[in-house]
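Residue numbers (the numbering used here), protein chains in the order written: chain W, 1195 to 1340; chain R, 1195 to 1340.
Glycine included, C-beta positions come from ideal geometry on N, C-alpha and C.
All values derive from a computational prediction rather than experimental measurement.
Notes follow once the structure below has been shown.
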DNA sequence: CTAATTCGTAATAATTGAAGTTACATGAAG
DNA sequence: CTTCATGTAACTTCAATTATTACGAATTAG
């Protein structure tokens, strides 16, 4: 299974955007994320639908953050991306008649549900503002060492 | 990405095997799991390497559980399968030079590590004996209703 | 108005890993 | 020796993300 890295991608993009107040083009974002402008548009388009970013066309256009960094959490981003499947492991058959499989699924589903709940809780506690602050700390630390 | 359902599969197989004390052939197991005998052999082979099951060739051969059901946990099975990736979501780039990406990865990795730890803890608490007992309860309940 | 820029999006291919299939070798039981 | 079953290699299929190509639509500048 290929892992979905869109959450990581959009975070990367948003933090770069947070560092500068001018619109960034899909091309610029694609360059700093080693991907394709079309992929950027597709993914950022989902964030736009959720009201997290805005896009403008034409020269001097591009993408801008349109929400309060302190109010947007990783969970919001996960939801904006359509709540993709979190686990790469799953049941073979979600609606089994076989009683054995029902027992198996019940056991696995319970464990996965707990882990998912924990993950989403953690996501809900991390705001873009915190991540941006974390980045600025790292940046400052690096410059201090030089 | 296709989800890895091998854990679910082997659990299904093991519980069927636990219900009867004779060896079950790959063909029989494949039939009750709607899959292919070769897939069964490949997957069960991993459990054999971990000492959880034994296989015998020739007529009257097949697969047998060779461990104490009360001692084998879901976590053991997960490990026997080679600890496949649990999450379908991940970072784009595991070793980034970009400081922004480092902040992003640190935040995501922490959350995923916590969720994984919880899941594995849960897995470690579920033994095959418990699952088998759970199945027998369901089976008895169904027969009582009829 | 025209040209350049940038997003919007459809359609298609590449990529990745699990699962399925075919084919044949190996070993055990009778 | 024949039959039955596992052991495995090689290959194909399948599902989902990601990448790419191509073109349309909107906006700005001159």
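With fewer than 16 neighbouring CB atoms inside 10 Å of its own CB, residue 1260 of chain W falls in the exposed class. Taking a contact to require three or more Cβ pairs closer than 8 angstroms, the segment 1254-1272 of chain W and the segment 1261-1268 of chain R do not qualify as touching. Residue 1320 of chain W and residue 1202 of chain W have their C-alpha atoms spaced approximately 13 angstroms apart.
Considering only beta carbons, the part of the segment 1218-1232 of chain R lying closer than 9 angstroms to chain W consists of 1226, 1227, 1228 and 1229, in chain order. In this structure, DSSP gives residue 1212 of chain R a helical state, which the three-state scheme calls helix. When DSSP states are grouped into helix, strand and coil, residue 1273 of chain R belongs to the helix group.
Excluding five sequence positions before and after residue 1275 of chain W, the CB atoms of its chain that fall closer than 6 angstroms to its own CB belong to 1200 and 1240, given in chain order.
In this structure, the alpha-carbon of residue 1224 of chain W lies about 27 angstroms from that of residue 1318 of chain W. The Cβ atoms of residue 1280 of chain R and residue 1313 of chain R sit closer than 8 angstroms to each other.
Contact annotation: in the segment 1251-1273 of chain R, residues whose CB is within less than 9 angstroms of a CB in chain W are 1268 and 1272. Taken through DSSP and simplified to helix, strand or coil, residue 1308 of chain W comes out as helix. Counted as a single uninterrupted DSSP element, the beta strand (DSSP E) harbouring residue 1249 of chain R occupies residues 1247-1250. Under the criterion of beta carbons closer than 8 angstroms, residue 1209 of chain R and residue 1297 of chain W qualify as touching, at roughly 7 angstroms. Beyond the five residues adjoining it in sequence on each side, residue 1235 of chain R comes within less than 6 angstroms, by CB distance, of 1220 in the same chain, given in chain order. Judged by beta-carbon spacing, residue 1272 of chain W lies beyond the 8 angstroms limit of residue 1294 of chain R, meaning their Cβ atoms are not closer than that value. Burial check for residue 1285 of chain R: the Cβ neighbour count within 10 Å reaches 16 or more, so the residue is buried. The beta carbon of residue 1337 of chain W sits no closer than 8 angstroms to any beta carbon of chain R.
Residues of the same chain with a CB within less than 7 angstroms of the CB of residue 1198 of chain R, apart from the 5 flanking positions on each side, are 1278 in chain order. Within the segment 1272-1301 of chain R, 1272, 1278, 1279, 1280, 1281, 1282, 1283, 1284, 1285, 1286, 1287, 1290, 1292, 1293, 1294, 1295, 1296, 1297, 1298, 1299, 1300 and 1301 place their CB atoms closer than 9 angstroms to a CB of chain W, listed in sequence order.
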